[in-house]
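Trainee:
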Amino acid sequence: MLSTLLVWIYIAFLSFTYGWLWLNLLSKTGYLECKTQVPLEIILVAGSGVLSIIIGVLHVWLPVSFIMQLIILAGSLFLLWHWKKDLRSFFASRKKINGYKVLYYVILFTFSILILIHAAQPATNPDTGLYHAQTIKWLNTCRIVPGLGNLYGPLALNSHAHLLMSFFNFSFITTKILNQTWSSFIFLLYCSYALREGFRSFKYRPVFSIYYFGSLFWGMVFFRNWISSPTPDTGVMFFFFFLFGVLLTADRSRKLSWQVAFMFFLLPVVISFKLSAIFSGAAGLAWLLLIRKQVNSRFIQIIVLQGLFVLVPYCTRNVILTGHILYPLPALNLFNFDWVVPQPWLSSYQEGVAAYSRVPTVNWSFYVNKPFINWIPVWWVNQDKPVQIFMLILVILLPFIIWRVIRNIKFKLDLVLSTVWLSALIASLAWFFFAPAPRFGFGYLVPTLLIGTILLVRGRISFKLGLFMGLLLGIYALNGIYKQVYRQAFSFIWPAGYPTPITEIRQIGKIKIRVALGIGRCYNLLPCTVPEPHPGLERRGEKLEDGFRISKN
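Just so we're aligned: 409 in the UniProt record's numbering is position 409 of the sequence shown, and the numbers increase by one with no gaps anywhere.
1. Using a Cβ-Cβ cut-off of 8 Å (strictly less than) and excluding sequence neighbours within five positions of residue 348, which residues of its own chain qualify?
2. For the segment 274-282 against the segment 421-437, are there 3 or more C-beta pairs whose distance is under 8 Å?
3. Distance, Cα to Cα, residue 97 vs residue 199?
4. Taking residue 80 as part of the alpha helix (DSSP H), name the residues at either end of that continuous run.
5. Could you check if residue 446 is buried or exposed, using at least 16 other CB atoms within 10 Å of its CB as the buried criterion?
6. Starting from residue 301 and walking both ways along the alpha helix (DSSP H), at which residues does that stretch end?
7. Could you check what DSSP says for residue 503 in three-state terms: helix, strand or coil?
8. Please go through the same chain and pick out, in chain order, the residues whose beta-carbon is closer than 7 Å to the beta-carbon of residue 557, but skip the five residues on each side of it.
9. For residue 528, list the residues DSSP reports as bridge partners.
10. Just the Cα atoms here: how many angstroms apart are residue 180 and residue 413?
11. Residue 261 and residue 302 look like a contact to me (Cβ under 8 Å); what is the Cβ gap, rounded to whole Å?
12. Quick check on residue 241: does DSSP put it in helix, strand or coil?
13. Using three-state DSSP, classify residue 97 as helix, strand or coil.
14. Spatial neighbours of residue 171 within its chain, please: C-beta separation below 6 Å, excluding the five flanking residues on both sides.
15. Between the Cα of residue 113 and the Cα atoms of 373, 544, 227, which residue gives the shortest distance?
16. Quick check on the DSSP output: the beta strand (DSSP E) that includes residue 545 runs from which residue to which?
17. So for residue 425, helix, strand or coil by DSSP?
18. Looking only at its own chain, which residues have a Cβ that is under 7 Å from the Cβ of residue 518, when we skip the five neighbours before and after it?
19. Taking 8 Å as the cut-off, decide whether the C-beta atoms of residue 573 and residue 495 are in contact.
20. Are the Cβ atoms of residue 442 and residue 237 separated by less than 8 Å?
21. Could you have a look at residue 148 and say whether DSSP puts it in helix, strand or coil?
22. List the residues that DSSP assigns as beta-bridge partners of residue 537.
23. Is it true that the CB of residue 64 sits closer than 8 Å to the CB of residue 151?
24. Please name the residue in 396, 268, 221 whose C-alpha comes closest to that of residue 239.
25. How would you call residue 380, buried or exposed, if buried means at least 16 neighbouring beta carbons within 10 angstroms?
26. When you compare only the Cα positions, how much space is there between residue 44 and residue 514?
27. Is residue 508 helix, strand or coil by DSSP?
28. Using 10 angstroms around the beta-carbon of residue 321, count the other beta-carbons present and answer buried if the total reaches 16, otherwise exposed.
29. Should residue 521 go down as buried or exposed, given a rule of 16 or more other Cβ atoms within 10 Å for buried?
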């Protein structure tokens, strides 16, 4: 717990520096009149996005290790020294929490303890399908490896969230497992943001507390047990919660506000975290439709430049890892590198992800390309109880929400809120059609339910009810601490390590490689792949960093 807490402080320090860089660049465009308008948590989220790109670019030449730490830390110290006068005035004029300061800090402290306990416990899914922990180990050990997808497809999924996890695990100074520090920090960050904005909403629109408190509750319900697991899904979900939360408070009188600029920065960032987040483009398109009369050439330039800043390094890394621009989508192979992942693999991988997300059972392959009526009963039975309860609530309320949105459009009421809700609904429908694993879609589904509920309530909620919801969150956190303390042992210093995997050494052509046996985990052992790797797998050189390819013979 203590080690995780110390790393959190370091994450906050670096994230703030590079978030402040984004904020300064944005202020030069004229879409930010006062930097104190921007919540501290949003600055840290933006900083995580900027950091992920810088780490991704440096990783082309360097492993994510000591030298990279020095470069990024030196850059941070230089920037802070350069901005020292601005920072003094920034912290001196931060917004208060409007009378709920003590309650905010008490509940936040309670959630912090709960998150630290979970982060110290053994990971629920440390290396799902040779993916999470293995990917992080490759990032820490080698610079970017050409053709890594030929060794095992998921290793080349190129999640920039894993870049952040590998950067903040300090593998170069300890053998302890700190892969979960960044994702657990995002849990803490959203707790702070949701509680702060929830209490602040009592002053201007108490009904918004439904979204802030509700998203925190459902986020903890769905992913609390995954806090110690290095999966990018948690970061993607909470970043979407941030995005929709920011849009709720966007300046209605000035449609081209910093909130909208933040949205168009965060959208490509979450896509770089997980390509399935591409459905979130619905939010961007919906908002552009809403503000089409106010959009000018300067704002288009901001959108394009922010998108290029994120997506050019992301696509470049995809090409190096697999030869494909948008791996694992089976398209856009514009190059003929010797390390290119074979095209049939991509189609097979896409079909496998779609089938397994619909039917998460051992016989998932039977449901490849099966119609809806065949797989939906199996999909439902295999969901956890909290997911089933959430889905039932959403399905029951959905017709009423749609009716309300239609009336809003007809009578031109709450058009901004209705547009935000429609974008979340469109993304949710796309998720359900392509890959309906709940953990892929919570970032859309939860806002669909909560913003829809706000539309139904139509402001008829008092601050007392909102305050009651906030107090319930505190009770939820206390109950969680009580259960975790008695459920599983944990260390007050270090998080739990990974178990020793069961592997074998096999000869594949001229190379020796580990293969995962039993439950299919290798954790931190490199190089490792599935028990039956492709017989044509070969190295491109003498070192691991030279990469892998599939022999054409």
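C-beta: ideal position from N, C-alpha, C; glycine also. On a predicted model such as this, the values are computed, not experimentally measured, just so you know.
Mentor: Taking the geometry as given:
1. Cβ neighbours of residue 348 within its own chain (closer than 8 Å, five residues either side excluded): none.
2. Touching, per the Cβ criterion.
3. Since pLDDT at residue 97 reaches only 49, below the 50 mark, its modelled position is unreliable, and no value is offered.
4. Per DSSP, residue 80 is one residue of the alpha helix (DSSP H) stretching across 66-82.
5. Residue 446 counts as buried, since no fewer than 16 other beta carbons sit within 10 angstroms of its beta carbon.
6. 297-322 is the span of the alpha helix (DSSP H), which, as asked, contains residue 301.
7. Of the three classes helix, strand and coil, the one that applies to residue 503 here is strand, per DSSP.
8. Residue 557 falls outside the range modelled here, since the chain spans only 1 to 553, and no answer is possible.
9. DSSP lists 514 as partners of residue 528.
10. Looking at the backbone, the Cα of residue 180 and that of residue 413 are separated by about 44 Å.
11. That pair is a contact at about 6 Å.
12. It is helical.
13. Any answer about residue 97 is weak, because its pLDDT of 49 lies below 50 and its placement is not dependable; what the coordinates show is given next. It is coil, neither helix nor strand.
14. Cβ within range, chain order: 140.
15. Cα-wise, what sits closest to residue 113 is 227.
16. Where residue 545 is concerned, there is no enclosing beta strand (DSSP E), given that its DSSP letter is neither H nor E.
17. It is helical.
18. Within the same chain, and ignoring the five residues on either side of residue 518 in sequence, the residues whose Cβ sits closer than 7 Å to its Cβ are 502.
19. With the chain running from 1 to 553 in the structure shown, residue 573 is simply not present.
20. With respect to the 8 Å criterion, residue 442 and residue 237 are classified as neighbours on the basis of their beta carbons.
21. Residue 148: helix per DSSP, three-state reduction.
22. DSSP links residue 537 through a beta bridge to 550.
23. Taking the C-beta atoms as reference points, residue 64 is found no nearer than 8 Å to residue 151.
24. Residue 268 is the option with its Cα nearest to residue 239.
25. Burial call: exposed.
26. Rounded to whole angstroms, residue 44 to residue 514 spans 39 Å at the Cα level.
27. DSSP, reduced to helix, strand and coil, places residue 508 within a strand of the structure shown.
28. Counting Cβ neighbours within 10 Å, residue 321 comes out buried, since at least 16 surround it.
29. Residue 521 is buried by the Cβ-count criterion.
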